[in-house]
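Asks: Protein chains in written order, with this note's numbering: chain A, 692 to 847; chain B, 692 to 847; chain C, 692 to 847; chain D, 692 to 847; chain E, 692 to 847; chain F, 692 to 847.
6 protein chains.
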Amino acid sequence: MSSFSHLDQEGRARMVDVSEKAVTRRVARASCRVLLDPSTVERLSEMPKGDAVAVARLAGIQAAKRVDELIPLAHTLNLDHVNVEIEPAEGGVEVRSEVVCTARTGAEIEAMLACSNAALALYDMVKAVEKGAVITDLRLEAKSGGRSGDWQRGVT
Amino acid sequence: MSSFSHLDQEGRARMVDVSEKAVTRRVARASCRVLLDPSTVERLSEMPKGDAVAVARLAGIQAAKRVDELIPLAHTLNLDHVNVEIEPAEGGVEVRSEVVCTARTGAEIEAMLACSNAALALYDMVKAVEKGAVITDLRLEAKSGGRSGDWQRGVT
Amino acid sequence: MSSFSHLDQEGRARMVDVSEKAVTRRVARASCRVLLDPSTVERLSEMPKGDAVAVARLAGIQAAKRVDELIPLAHTLNLDHVNVEIEPAEGGVEVRSEVVCTARTGAEIEAMLACSNAALALYDMVKAVEKGAVITDLRLEAKSGGRSGDWQRGVT
Amino acid sequence: MSSFSHLDQEGRARMVDVSEKAVTRRVARASCRVLLDPSTVERLSEMPKGDAVAVARLAGIQAAKRVDELIPLAHTLNLDHVNVEIEPAEGGVEVRSEVVCTARTGAEIEAMLACSNAALALYDMVKAVEKGAVITDLRLEAKSGGRSGDWQRGVT
Amino acid sequence: MSSFSHLDQEGRARMVDVSEKAVTRRVARASCRVLLDPSTVERLSEMPKGDAVAVARLAGIQAAKRVDELIPLAHTLNLDHVNVEIEPAEGGVEVRSEVVCTARTGAEIEAMLACSNAALALYDMVKAVEKGAVITDLRLEAKSGGRSGDWQRGVT
Amino acid sequence: MSSFSHLDQEGRARMVDVSEKAVTRRVARASCRVLLDPSTVERLSEMPKGDAVAVARLAGIQAAKRVDELIPLAHTLNLDHVNVEIEPAEGGVEVRSEVVCTARTGAEIEAMLACSNAALALYDMVKAVEKGAVITDLRLEAKSGGRSGDWQRGVT
């Protein structure tokens, strides 16, 4: 029977023991969207230097490396690869991340946090123009590697 | 004319100069939802010790204190108060945050990050049970204080 | 002849070279006590939500992951498992930790810091009630793994 | 009636609101001891460069600056002054700290953590020689400033 | 007589007490150069997205916010403004920073670290092409504010 | 054809995928100089406790462990060994570092940052005496291990 991660039988939090799990290559992908007014998206893409998107992408990459400090019970992972892409999409912009590691546990949270932090850094830049912007649909898209095997959104 | 925060005329990123702004009391509130299967919500609330929700709430509070490290161009704020509440809501659970500071700039990002990180910490605990859980509707609810005055979602 | 860790022949600090040591599974356990007035212990255990103890336990787990930042010459370890338990004991409460890693060096300091930080977080919550509370008997209980072999308190 | 810091009426953790408290100069002093074999103390003081004690003192000072990351519900304080002294004492060495800040809340935890982290850094250096060394009597010695006024150990 | 910062009469390190100093607006500017082959500079400026320079500029801004963690005896400052500029110059590129704060102590180290970290981030990107690149002439250009008054390089 | 690290074909920043690279022992050495007035160097070496140099050396060692937080696209490395030496040299003092790791990517940036941060910590201590001190010639001296093989300054 599957159960909550990081909680023991009595519901007490602890960092689960992964020392008996195999070190394997693991990949996780996530995504979210930032809902923005079309005029904000247009202004973002008209910026001559493109720093706004670069800042957000970097914020996502850097956050992925710090999951162990932000998520109390997450294990420390040395990531092999992080990529964050931000592109105009229906209703605003879409943020997509990919994280690869070679470890005893997967990088799902790392991929999720990369997206949410990139989206927040973008919000931080547009908030003077559009304070009400909404970040939505933050979700795991796929993961592979590890004992629980592959998983893909929408595939049962 | 209002414009993007943290970007100069040529679109280059920098931390804006707030040294001429007044130190005032500022409040920001944000919220998001974690969409969960009803059985997951039920299991969460049946946990005898309630640590799952306590962990998520703490993760939100702690993240609010570290905005300056996560959001590249955000100013460092010494927060006076942070609260995070997590409660069952339609479709899963709702996360709400409130942040107070006495500073030259507001705590909107702090309130947003408190919600997103609490939600991610919750996801980290339920992911073995429900990997496809979605975090949604992360948004500022209200802010007060500072030169730009009060703002409330849905109020024009 | 055994000598001080991290100091060279002239007494200068450096991070010792462990690159030739074997990667093995290592376990460390530590403990300490927080001396508290019986009425404080009673009030702690009467708290309806139990968050006080959950906060302290989390503070211990999180600190164990950050030893490399706090102890200047400690190596960075990716921990496989951390557990912290807090229970009423004679004279107050007892804090016990267990840390597991698969690494070139042991997790003794990680186990010690998990206890001291959990105790300090607990003190942070009771200090309005009992400012004079004392943290005592912080010590390694046992360690296993690595070239120097097993060690247990009180066993020669 | 005095009650636990950081817990609301239902026992839920939150960072208490200090925005209405006055900014005043606050001082806190703490101490602890590291029980060591006389031969270890002698070897420490014979080290030609004295780096061992310098490392421990620095570890204490640096930890005081990071209380907000280690103690989940502590406020961020910009410290005006931190000093840590380590001296031979009966049964080993004594660690004493003093912390000064100008803030809405006091630096008691900062002074306590400065001592415990200095002691742990010292333990980290002597552990190859004396794994069973014990850190003990970590306690606040005195605090001044703030609404609750002055407090001194042993003075009722 | 002027003397070393952060060292007491016996040469022991401590964080000096600034609680009696006035809170004033302080500005510091620094610079350094990264010596690069002309072909590397050309390739940098030909990159279509300009992310290389954006990454380096951000690395400088972010490092300025973390001086208290990197420089053991530095005080924590909440910075009002940080800017980093990187431009082609004789022999490679020049990095210039400006930091503003309202505090009891100045931001000289913050301005210096902003430059050195921006330069290192740039080196991190060109190192596959030009491993031998040299960072040079890292220095304070000017500072104003505070009791010691204004200072400018080359002006006696 | 060799190209910039961390930038894709379109010049966008990402953390490169090293998951297919071999885990090998890697060593990097770097150096820099701090130009100081002879009287400042003399005063430094006359300090009775030698803490000034110990602080700078520690600052270098600690910075090497935090490269992943400071250099946005750097991978997290668990270092096996870090040493920093500071000695009087022509025109001031020389800082030399050596870093060893067992990893999929090298520790060149770690060695460079160890030197620059040690130099900045030293500047932080002498700045009251000699504000115009210059840090110069920060450069990689040698690296070994990994697919690109050995490299040594001045050897073609």
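Glycine included, each C-beta is placed from N, C-alpha and C at the ideal position.
Within 10 Å of its beta-carbon, does A/Met692 have 16 or more other beta-carbons around it, so buried, or fewer, so exposed?
Replies: In the first sequence, counting from the first residue as 1, residue 692 of chain A sits at position 1. At A/Met692 the pLDDT is 32, less than 50, meaning the model places this residue with poor confidence; the figure from the coordinates comes in the next sentence. When all chains shown are included, A/Met692 counts as exposed.
Asks: Would you mind stating whether D/Ser696 and C/Lys712 have Cβ atoms separated by less than 8 Å?
Replies: On the fourth sequence, position 5 is the one that residue 696 of chain D refers to. On the third sequence, position 21 is the one that residue 712 of chain C refers to. Cβ distance not < 8 Å, so D/Ser696 and C/Lys712 don't count as in contact.
Asks: Secondary structure at B/Ser722, three-state DSSP: helix, strand or coil?
Replies: Reading the second sequence from its first residue, position 31 is the one you call residue 722 of chain B. The answer is strand: DSSP assigns B/Ser722 an E or B state.
Asks: Determine the chain C residues that contact D/Gly702 at a beta-carbon separation under 8 Å, and present them in chain order.
Replies: As a position in the fourth sequence, residue 702 of chain D is number 11, starting the count at 1. Ordered by position in chain C, the residues that pass the 8 Å Cβ test against D/Gly702 are Met738, Pro739, Lys740, Gly741, Asp742 and Ala743.
Asks: Decide if F/Pro739 is buried, meaning its Cβ has at least 16 other Cβ atoms within 10 Å, or exposed.
Replies: The count along the sixth sequence starts at 1 and reaches residue 739 of chain F at position 48. Counting other Cβ atoms within 10 Å of its Cβ, F/Pro739 stays below 16 and is therefore classed as exposed.
Asks: Compare the C-beta of B/Asp828 with all C-beta atoms of chain A and state if any pair is closer than 8 Å.
Replies: Translated into the one-based positions of the second sequence, residue 828 of chain B becomes position 137. So, interface residue.
Asks: Assuming contact is defined by CB atoms lying nearer than 8 Å, are F/Glu733 and F/Leu768 in contact in what I supplied?
Replies: Position 42 of the sixth sequence, counted from the start, is the residue given in the question as residue 733 of chain F. Position 77 of the sixth sequence, counted from the start, is the residue given in the question as residue 768 of chain F. No.
Asks: Tell me which residues share the same chain as B/His766 and place their Cβ nearer than 6 Å to its Cβ, disregarding the 5 neighbours each side in the sequence.
Replies: If you number the second sequence from 1, residue 766 of chain B lands on position 75. Around B/His766: Thr796.
Asks: Is it the case that the region 749-756 of chain C contacts the region 819-832 of chain C, given that we only count it when at least three CB pairs across the two stretches are under 8 Å?
Replies: no
Asks: On the three-state DSSP scale, how would you describe D/Arg830?
Replies: Working through the fourth sequence from its first residue, we reach residue 830 of chain D at position 139. D/Arg830 falls in the strand class under three-state DSSP.
Asks: Only counting runs of 3 or more residues, tell me where the beta strand (DSSP E) segments fall wholly within the region 760-814 of chain B, in order along the chain.
Replies: 770-780 and 783-794
Asks: Counting beta carbon pairs with one atom in the region 775-784 of chain B and one in the region 783-797 of chain A, are three or more of them shorter than 8 Å?
Replies: With a cut-off of 8 Å, the region 775-784 of chain B and the region 783-797 of chain A do not count as touching, because too few Cβ pairs lie within range.
Asks: For chain F, find out if any of its Cβ atoms is closer than 8 Å to the Cβ of A/Asn769; answer yes or no.
Replies: As a position in the first sequence, residue 769 of chain A is number 78, starting the count at 1. Yes, A/Asn769 counts as interfacial toward chain F.
Asks: D/Asn808 versus chain E: which residues are under 8 Å apart at the beta carbon?
Replies: The sequence position of residue 808 of chain D within the fourth sequence is 117, counting from 1. Per Cβ cutoff of 8 Å: no residues; D/Asn808 is ~13 Å from chain E at best.
Asks: Can you find a C-beta in chain F that's less than 8 Å from the C-beta of A/Ile752?
Replies: The residue you call residue 752 of chain A lines up with position 61 of the first sequence. With 8 Å as the cut-off, A/Ile752 counts as an interface residue toward chain F.
Asks: Could you pull out every residue in the same chain whose Cβ sits closer than 7 Å to the Cβ of B/Ser736, ignoring the five residues on either side in sequence?
Replies: Here residue 736 of chain B is taken as the residue at index 45 of the second sequence, counted from 1. The residues are Pro779.
Asks: When you compare each of B/Asn808, B/Trp842 and B/Val846 to B/Arg747 by their alpha carbons, which one comes out closest?
Replies: Position 56 of the second sequence, counted from the start, is the residue given in the question as residue 747 of chain B. The residue you asked about is not Arg; residue 747 of chain B is Ala in the sequence shown. Of B/Asn808, B/Trp842 and B/Val846, the residue nearest in Cα terms is B/Asn808.
Asks: Do we get a CB-CB distance below 8 Å when we pair D/Glu832 with the residues of chain E?
Replies: As a working mapping, residue 832 of chain D is identified with position 141 in the fourth sequence. Not an interface residue.
Asks: Along chain E, in chain order, which residues have C-beta atoms closer than 8 Å to that of B/Ser710?
Replies: Here residue 710 of chain B refers to the residue found at position 19 when the second sequence is read from its first residue. Chain E residues near B/Ser710: Arg716, Asp771, His772, Val791, Cys792 and Thr793.
Asks: Closest Cβ-Cβ distance between C/Arg748 and chain A: below 8 Å?
Replies: Residue 748 of chain C sits at position 57 when you count from the first residue of the third sequence. Cβ-Cβ to chain A under 8 Å: yes for C/Arg748.
Asks: If you draw a straight line from the C-alpha of A/Ala824 to the C-alpha of B/Lys834, how long is it?
Replies: Here the question's residue 824 of chain A lines up with position 133 in the first sequence. Here the question's residue 834 of chain B lines up with position 143 in the second sequence. The straight-line gap separating the alpha-carbon atoms of A/Ala824 and B/Lys834 is approximately 14 Å.
Asks: Here's the rule I'm using: 16 or more other beta-carbon atoms within 10 Å means buried, otherwise exposed. How should E/Val846 be labelled?
Replies: Taking the first residue of the fifth sequence as 1, we reach residue 846 of chain E at position 155. Exposed: under 16 other Cβ atoms inside 10 Å.
Asks: Any beta carbon from chain F within less than 8 Å of A/Lys756's own beta carbon?
Replies: Indexing the first sequence from 1 puts residue 756 of chain A at position 65. Taking Cβ atoms only, chain F reaches closer than 8 Å to A/Lys756, which makes this a yes.
Asks: As a quick exercise: from F/Gln843, F/Leu804, F/Gly836 and F/Tyr814, pick the residue whose alpha carbon is nearest that of E/Lys822.
Replies: In the fifth sequence, counting from the first residue as 1, residue 822 of chain E sits at position 131. Closest by alpha carbon: F/Gln843.
Asks: Sort B/Val820, B/Ala798 and B/Gly741 by Cα distance to A/Tyr814 and report the nearest one.
Replies: Taking the first residue of the first sequence as position 1, residue 814 of chain A is located at position 123. For the residues B/Val820, B/Ala798 and B/Gly741, the minimum Cα distance to A/Tyr814 belongs to B/Ala798.
Asks: Verify whether the separation of the beta carbon atoms of D/Ala805 and D/Ala721 is less than 8 Å.
Replies: Stepping through the fourth sequence from its first residue, residue 805 of chain D is reached at position 114. Stepping through the fourth sequence from its first residue, residue 721 of chain D is reached at position 30. It is a contact, given that the beta carbons lie within the stated cut-off.
Asks: Is DSSP giving E/Leu749 helix, strand or coil here?
Replies: Residue mapping note: residue 749 of chain E aligns to position 58 of the fifth sequence, counting from 1. E/Leu749: helix per DSSP, three-state reduction.
Asks: For A/Val820, which residues in the same chain have their Cβ closer than 6 Å to its Cβ, ignoring the five residues on either side in sequence?
Replies: Numbered from its first residue, the first sequence carries residue 820 of chain A at position 129. The answer, listed in chain order, is Thr731.
Asks: Can you pull the chain F residues whose beta carbon is under 7 Å from the beta carbon of C/Asp759, in chain order?
Replies: Residue numbering aside, residue 759 of chain C sits at position 68 when the third sequence is read from its first letter. Going along chain F in sequence order, the residues near C/Asp759 (Cβ under 7 Å) are Lys756.
Asks: Closer than 8 Å, CB to CB, is E/Leu764 near chain D or not?
Replies: The residue labelled residue 764 of chain E in the question sits at position 73 within the fifth sequence. E/Leu764 counts as touching chain D.
Asks: Got a sec, what are the start and stop residues for the alpha helix (DSSP H) F/Arg734 sits in?
Replies: Against the sixth sequence, residue 734 of chain F aligns to sequence position 43. That run of the alpha helix (DSSP H) goes Pro729 to Glu737.
Asks: Please tell me whether B/Leu698 and A/Met816 are closer than 8 Å, where the distance is taken between their beta carbons.
Replies: Within the second sequence, the letter at position 7 stands for residue 698 of chain B. Within the first sequence, the letter at position 125 stands for residue 816 of chain A. Cβ atoms of B/Leu698 and A/Met816: closer than 8 Å.
Asks: If you run the structure through DSSP and keep just helix, strand and coil, what is B/Val846?
Replies: Working through the second sequence from its first residue, we reach residue 846 of chain B at position 155. Correct three-state label for B/Val846: coil.
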